[in-house]
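One structure is given below, encoded as structure tokens.
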Amino acid sequence: MASLGQHESYIIASYAVTFIILCAVVAWLVIDGRRQRELLARLEASGGRRGGRTSVGDKGAA
Amino acid sequence: MTQQTFTQSLANPTRFMALSAALLPWITGAAGLVLAVGLVWAFGFTPPDYQHKETVKIMFVHVPAAWIGMGAYTLIAVSSVGLLVWRHPLADVSAKAAAPIGAAFTLVCLVTGSLWGMPGWGTYWEWDARLTSVLLLFFLYLGLIALRTSIEDESLASRLTAILGIVGVVLLPIIKFSVDWWWTLHQKASVMTLGEQKVHWSIRAPLLVMALGFLLAFIAMHLKAMQNEVLRRRIKAIRIARVAAETRRGASIDAASGRQPAE
Numbered sequence: 769m770a771s772l773g774q775h776e777s778y779i780i781a782s783y784a785v786t787f788i789i790l791c792a793v794v795a796w797l798v799i800d801g802r803r804q805r806e807l808l809a810r811l812e813a814s815g816g817r818r819g820g821r822t823s824v825g826d827k828g829a830a
Numbered sequence: 006m007t008q009q010t011f012t013q014s015l016a017n018p019t020r021f022m023a024l025s026a027a028l029l030p031w032i033t034g035a036a037g038l039v040l041a042v043g044l045v046w047a048f049g050f051t052p053p054d055y056q057h058k059e060t061v062k063i064m065f066v067h068v069p070a071a072w073i074g075m076g077a078y079t080l081i082a083v084s085s086v087g088l089l090v091w092r093h094p095l096a097d098v099s100a101k102a103a104a105p106i107g108a109a110f111t112l113v114c115l116v117t118g119s120l121w122g123m124p125g126w127g128t129y130w131e132w133d134a135r136l137t138s139v140l141l142l143f144f145l146y147l148g149l150i151a152l153r154t155s156i157e158d159e160s161l162a163s164r165l166t167a168i169l170g171i172v173g174v175v176l177l178p179i180i181k182f183s184v185d186w187w188w189t190l191h192q193k194a195s196v197m198t199l200g201e202q203k204v205h206w207s208i209r210a211p212l213l214v215m216a217l218g219f220l221l222a223f224i225a226m227h228l229k230a231m232q233n234e235v236l237r238r239r240i241k242a243i244r245i246a247r248v249a250a251e252t253r254r255g256a257s258i259d260a261a262s263g264r265q266p267a268e
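So the protein lines, in turn, are chains X and E. Just so you know, we're using the numbering used here here: the first sequence kicks off at 769 and counts up by one. Just so you know, we're using the numbering used here here: the second sequence kicks off at 6 and counts up by one.
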């Protein structure tokens, strides 16, 4: 990789900030997804069933 | 059996979960691959700009982040219309899922723009029209998230955030044309222009590759966030059903024993 010139620190900081922010979002999504799946599995294992199709996101769900 | 239209069949959350689960690994892989190609191109084969020199490399993350930040808000506005007009079951899920991701990309745009501003303009921040309007977009995202979380009734929260989402879309043309309407430190549009090409292909090509990578990454994140939200609503539905069943059971026991149900 060629030298990034006298403003190298600004370029590296930009990519580092981008990487950190986007990785934080991805980590949050993965952790949240795992948590929701575990919770749903636990509820269903304990005999939990959805009642009426009351929720917007729930319509038509099996 | 009722006949479903194409959009109704797509609106089925169970079908969405199956389809998104099949697509997500491919979109994530494609995003990683395209971003890797874009980064190698940007750092290995892109010449310095005649004006910005090597700092032009910041553009490869700054501009795609700005596009995705505005595109995500457009998606929220379209989803909000889908909820309010057609009551599309996944529209609210889509709008809710897009808000934090759009906020993150807008934050990337603001921070990288600020870091590009120092070597280019000699300042990290200037209260000019473009920078301020993008900052307002970031605050609008935070406002949407805060409004939704502050209202317990999910249906009311969905409708109110949908209205704010649609009203807020007026900010997008202000951001886009701010550099034409007012004097700003920020340069005028140079990539998305209808006339002559203002950016040489040697810089334009890796920029478009990075933009495609950012777009694929956003789609993957949005699908994942929508999956999480559908699961969250299923959990809520089970809990509501359980509380309702316990209430009914309590009422029937009270009726059998001749007691007045507890208030």
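Every residue, glycine too, gets a C-beta built ideally from N, C-alpha and C.
Ala109/E beta carbon less than 7 Å from that of Ile789/X: Your numbering for residue 789/X matches position 21 in the first sequence. Your numbering for residue 109/E matches position 104 in the second sequence. It is a contact, given that the beta carbons lie within the stated cut-off.
Closest by C-alpha distance to Leu213/E, when choosing among Lys62/E, Ser25/E, Glu131/E: In the second sequence, counting from the first residue as 1, residue 213/E sits at position 208. Per the Cα distances, Lys62/E.
Near-chain X residues of the region 208–238 of chain E (beta-carbon distance less than 8 Å), N- to C-terminal order: So the close ones are Ala222, Met226, Lys229, Ala230, Gln232, Asn233, Glu234, Val235, Leu236, Arg237, Arg238.
Whole-angstrom distance between Leu141/E and Pro94/E, CA atom to CA atom: To locate residue 94/E, count along the second sequence from 1; it is residue 89. To locate residue 141/E, count along the second sequence from 1; it is residue 136. Their Cα atoms are separated by approximately 29 Å.
Neighbourhood of Gly170/E by C-beta distance below 7 Å, restricted to the same chain and skipping five residues each side: In the second sequence, the residue the question calls residue 170/E occupies position 165. Contacts found: Ile81, Ala82, Ser85, Ala100, Leu149.
CB contact below 7 Å: Ile799/X versus chain E: Position 31 of the first sequence holds residue 799/X. No, its Cβ sits nowhere closer than 7 Å to a Cβ of chain E.
Heavy atom of the ligand MG within 6 Å of Gly122/E beta-carbon: Only the bare structure without any ligand can be found here, which leaves the ligand MG out of the picture.
Pair within 7 Å by beta-carbon distance, Met22/E and Ile106/E: Reading the second sequence from its first residue, position 17 is the one you call residue 22/E. Reading the second sequence from its first residue, position 101 is the one you call residue 106/E. Between Met22/E and Ile106/E, the C-beta spacing is not below 7 Å.
Within chain E, partners of Ala781/X - CB distance below 7 Å: In the first sequence, counting from the first residue as 1, residue 781/X sits at position 13. Near Ala781/X (Cβ distances below 7 Å), the residues of chain E are Leu120.
Range covered by the alpha helix (DSSP H) that runs through Tyr129/E: Your numbering for residue 129/E matches position 124 in the second sequence. Counting along the chain, Tyr129/E falls outside any alpha helix (DSSP H), and DSSP gives it neither H nor E.
Inter-residue spacing [alpha-carbon to alpha-carbon] between Ala813/X and Leu797/X: Taking the first sequence and counting its residues from 1, the one referred to as residue 813/X is at position 45. Taking the first sequence and counting its residues from 1, the one referred to as residue 797/X is at position 29. The alpha-carbon atoms of Ala813/X and Leu797/X are separated by roughly 24 Å.
contact_flag[the region 35–48 of chain E, the region 203–218 of chain E] where n(CB pairs < 8 Å) is 3 or more: In short, these stretches touch, since the Cβ pair count reaches three.
For Glu159/E and Leu88/E, the rounded distance between their alpha carbons: The sequence position of residue 88/E within the second sequence is 83, counting from 1. The sequence position of residue 159/E within the second sequence is 154, counting from 1. Distance between the alpha carbons of Leu88/E and Glu159/E is about 13 Å.
Close beta carbons around Arg135/E, own chain, < 6 Å, minus the five adjacent residues each side: Here the question's residue 135/E lines up with position 130 in the second sequence. Excluding positions up to five away in sequence, the list reads Ser183, Val184, Thr189, His191.
CB contact check: Ile240/E to chain X, cutoff 7 Å: Walking along the second sequence from the start, residue 240/E turns up at place 235. Interface residue, yes.
Chain E within 7 Å of Ile788/X, Cβ atoms only: Taking the first residue of the first sequence as 1, we reach residue 788/X at position 20. Contacts with chain E at 7 Å (Cβ-Cβ) do not include Ile788/X.
Cβ-Cβ distance between Ala104/E and Tyr55/E below 7 Å: For the purposes of this step, residue 104/E is identified with residue 99 of the second sequence, where counting begins at 1. For the purposes of this step, residue 55/E is identified with residue 50 of the second sequence, where counting begins at 1. A distance of 7 Å or more separates the beta carbons of Ala104/E and Tyr55/E.
For Asp133/E, the three-state DSSP class (helix, strand or coil): Within the second sequence, residue 133/E is the residue found at index 128, counting from 1. If DSSP states are grouped into helix, strand and coil, Asp133/E belongs with coil.
Minimum length 4: unbroken alpha helix (DSSP H) runs contained in the region 68–145 of chain E: Restricted to the region 68–145 of chain E, the alpha helix (DSSP H) segments that are unbroken, complete and at least 4 residues in length are 96–126, listed in chain order.
Minimum C-alpha distance to Ala222/E - residue among Phe48/E, Glu59/E, Trp46/E, Pro69/E: Taking the second sequence and counting its residues from 1, one reaches residue 222/E at position 217. Closest option to Ala222/E, judged by alpha-carbon separation, among Phe48/E, Glu59/E, Trp46/E, Pro69/E: Pro69/E.
Pairwise C-alpha distance: Val794/X and Ala27/E: One-based indexing of the second sequence puts residue 27/E at position 22. One-based indexing of the first sequence puts residue 794/X at position 26. Cα to Cα, Ala27/E sits roughly 18 Å from Val794/X.
Rounded separation between Thr154/E and Gly125/E - CA only: In the second sequence, counting from the first residue as 1, residue 154/E sits at position 149. In the second sequence, counting from the first residue as 1, residue 125/E sits at position 120. For Thr154/E and Gly125/E, the distance between alpha carbons rounds to 39 Å.
Backbone secondary structure at Lys229/E - three-state DSSP: Reading the second sequence from its first residue, position 224 is the one you call residue 229/E. Taken through DSSP and simplified to helix, strand or coil, Lys229/E comes out as helix.
Range covered by the alpha helix (DSSP H) that runs through Tyr783/X: Here the question's residue 783/X lines up with position 15 in the first sequence. First-last of the alpha helix (DSSP H) with Tyr783/X: 776–813.
Touch test, the region 72–79 of chain E against the region 245–263 of chain E, Cβ-Cβ under 8 Å, three pairs minimum: In this structure the region 72–79 of chain E does not lie against the region 245–263 of chain E, because fewer than three pairs of beta carbons, one per stretch, are closer than 8 Å.
Classification of Ala167/E by the beta-carbon crowding that lies within 10 angstroms, buried from 16 upward: Start at 1 with the first residue of the second sequence, and residue 167/E comes out as number 162. Within 10 angstroms of the beta-carbon of Ala167/E lie 16 or more other beta-carbons, which makes it buried.
Beta-carbon neighbours of Leu145/E, restricted to chain X and to distances below 9 Å: In the second sequence, residue 145/E corresponds to position 140, counting from 1. The contact set of Leu145/E on chain X, defined by CB atoms closer than 9 Å, is empty, because the minimum CB distance reaches about 18 Å.
Cutoff 7 Å: Val39/E Cβ touching any chain X Cβ: Mapped onto the second sequence, residue 39/E falls at position 34. No, because no Cβ of chain X sits closer than 7 Å to the Cβ of Val39/E.
Separation of Trp132/E from Lys229/E, as counted between CA atoms: Residue 229/E sits at position 224 when you count from the first residue of the second sequence. Residue 132/E sits at position 127 when you count from the first residue of the second sequence. Cα to Cα, Lys229/E sits roughly 36 Å from Trp132/E.
Presumed contact (8 Å Cβ cut-off) between Leu112/E and Phe143/E, rounded CB distance: Position 107 of the second sequence holds residue 112/E. Position 138 of the second sequence holds residue 143/E. Between Leu112/E and Phe143/E the beta-carbon gap is near 6 Å, inside 8 Å, which marks them as a contact.
Leu772/X vs Glu59/E beta-carbon contact at 7 Å: As a working mapping, residue 772/X is identified with position 4 in the first sequence. As a working mapping, residue 59/E is identified with position 54 in the second sequence. Contact: yes.
Burial state of Gly118/E, where buried means 16 or more other Cβ atoms lie within 10 Å: Indexing the second sequence from 1 puts residue 118/E at position 113. Counting of Cβ neighbours within 10 angstroms places Gly118/E among the buried residues, the total reaching 16 or more.
Chain X contact for Ile168/E (CB, 7 Å cutoff): Taking the first residue of the second sequence as position 1, residue 168/E is located at position 163. Not an interface residue.
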